[in-house]
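Novice: Using the working numbering, read the sequence shown as starting at 16 and increasing by one per residue. A virtual CB, placed ideally from N, CA and C, is assigned to each residue, including glycine. Have a look at the structure that comes next, please.
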Amino acid sequence: MVAQRIPGSPITIETVIDEDRKLTINLPPDIPIGQVEIEVIIRPLTPVDEDAALAAWRAEYERLRAKLAAAGALSTIWKAPEDAVELTEEERIRIGTMPPGAAPSEQHVREDRGEY
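This is how it looks when you write it as structure tokens:
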């Protein structure tokens with residue numbers, strides 16, 4: 016008995032791309048005929064030093080933050096004030112609940128955005 020493949024489940028075939036940059040894939044005989052999606056994942060030629068990559072990312076992040084700050088375009092208002100106190104679960108529910116008799120939130124969204 017041949018196992019049936021589940022539609023949408025990926026199969027993995029490893030290969031090497033040569034200088035001609037052409038790829039020929041021989042698929043197993045139980046692959047159904049029809050449209051497929053091919054995803055090519057490029058693997059690094061050498062192992063990546065994750066610590067060095069993270070350090071480089073952080074350095075670039077800080078460089079860009081400094082550039083935005085110098086241009087007056089760095090937003091920092093998303094940070095809570097130092098003396099802020101986290102809301103309790105009850106407070107979150109209370110401020111996130113529509114008052115009795117209020118129109119449903121979907122109606123407010125439609126009024127703001129219009130019909131699609």
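Go to LEU69, then tell me how far its alpha helix (DSSP H) extends in each direction, as first and last residue.
Specialist: Sequence index remark: in the sequence shown, residue 69 carries index 54 (1-based). It spans 65–85 - the alpha helix (DSSP H) in which LEU69 sits, taken as one unbroken run.
Novice: Excluding sequence positions up to five away, which residues of its chain have a Cβ less than 8 Å from the Cβ of LEU83?
Specialist: Position 68 of the sequence shown holds residue 83. Correct list, in chain order: LEU89.
Novice: Report the three-state DSSP secondary structure of SER120 (helix, strand or coil).
Specialist: On the sequence shown, residue 120 is found 105 positions in, with the first residue counted as 1. Correct three-state label for SER120: helix.
Novice: Ends of the alpha helix (DSSP H) at ARG109?
Specialist: On the sequence shown, residue 109 is found 94 positions in, with the first residue counted as 1. Per DSSP, ARG109 belongs to the alpha helix (DSSP H) from 104–110.
Novice: Taking only the alpha-carbon atoms, compute the straight-line gap between ARG107 and SER24 and give it to the nearest angstrom.
Specialist: The residue given as residue 107 occupies position 92 in the sequence shown. The residue given as residue 24 occupies position 9 in the sequence shown. Taking the straight line joining both Cα atoms gives about 41 Å.
Novice: For the putative contact between LEU38 and ILE46, defined by C-beta atoms under 8 Å, what is the C-beta separation to the nearest angstrom?
Specialist: On the sequence shown, position 23 is the one that residue 38 refers to. On the sequence shown, position 31 is the one that residue 46 refers to. At roughly 16 Å, the Cβ-Cβ gap does not stay under 8 Å, so LEU38 and ILE46 are not in contact.
Novice: If we ignore side chains and look at the alpha-carbon of each, how far apart do GLY129 and VAL51 end up?
Specialist: Locating residue 129 in the sequence shown gives position 114, counting from the first residue. Locating residue 51 in the sequence shown gives position 36, counting from the first residue. Going from the Cα of GLY129 to the Cα of VAL51 covers about 37 Å.
Novice: Straight-line CA distance for ILE21 to THR27?
Specialist: As a position in the sequence shown, residue 21 is number 6, starting the count at 1. As a position in the sequence shown, residue 27 is number 12, starting the count at 1. The straight-line gap from Cα to Cα measures roughly 14 Å.
Novice: Short of 8 Å in beta carbon distance, which residues of its chain neighbour ARG80, apart from the five on each side in sequence? Order them along the chain.
Specialist: Working through the sequence shown from its first residue, we reach residue 80 at position 65. Within the same chain, ARG80 has close Cβ partners LEU89.
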